[in-house]
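In my numbering, the protein residues as written are 16 to 224. From the three backbone atoms N, C-alpha and C, an ideal C-beta is built for every residue, glycine too.
The structure is reproduced here in structure tokens:
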């Protein structure tokens, strides 16, 4: 089904299904009903069925869902059935923390290198990954197929850097810079504004008092 026909709310729940199903697999559970999955996830069983029916359903009446098969099918839907090569732009604290997070690899998401405008001012490597000078970015991308760039740079540099990456062939952007990116329609951008997420938390805390 074309991506534009699926609501953002459904897409946002798919990684959550993956996480809970992966935990079930680790527990040795081979199959589960929508009702049982509902109790774990605090999402209604009908919502689970509706979400999965957007992509074919995958369950069997009276049997439920095969956990391993459903993980594989959701992985395909999320584009995790092939590896994705990633670079981190900005080797400050956040960039290094993301590059050091090893669980991305279990989903086929491989951070290959970091880039920084002042590599001498940071560590030379993160988890065995070299920190390159930004001046080396064009040559690196010409030699290494790269699908996604993670931006952890000041907002005043983000738009120009994103455009440079786009011009060099990168189409996926996980943007932690505190600015929304404006790129051509064939670019895919996920903006992550940490302060906004934290302020949503403080809102709910305040209004539950």
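Quick one: what does DSSP say residue 78 is sitting in, helix, strand or coil? coil
Just to confirm before moving on: does the CB-CB distance between residue 86 and residue 162 stay below 8 Å? no
Minimum C-alpha distance to residue 66 - residue among 166, 216 and 24: 24
Where do the ends of the beta strand (DSSP E) carrying residue 187 lie? 187 to 190
Cutoff 8 Å; reference residue 203; Cβ partners in own chain excluding five residues on either side: 186, 187 and 188
Is it true that the CB of residue 93 sits closer than 8 Å to the CB of residue 165? no
Where does residue 190 land, buried or exposed, given buried means 16+ other C-beta within 10 angstroms? buried
So, does the stretch 191 to 202 touch the stretch 125 to 145, judging by three or more C-beta pairs under 8 Å? no
To which residues of the same chain is residue 105 closer than 7 Å at the C-beta, ignoring the five residues directly before and after it? 131, 166, 167 and 168
At least three beta-carbon pairs within less than 8 Å, the stretch 35 to 46 to the stretch 65 to 82: yes
Could you check what DSSP says for residue 106 in three-state terms: helix, strand or coil? coil
Going by beta carbon distance, what residues of the same chain come within less than 8 Å of residue 119, once the five residues before and after it are set aside? 101, 125 and 126
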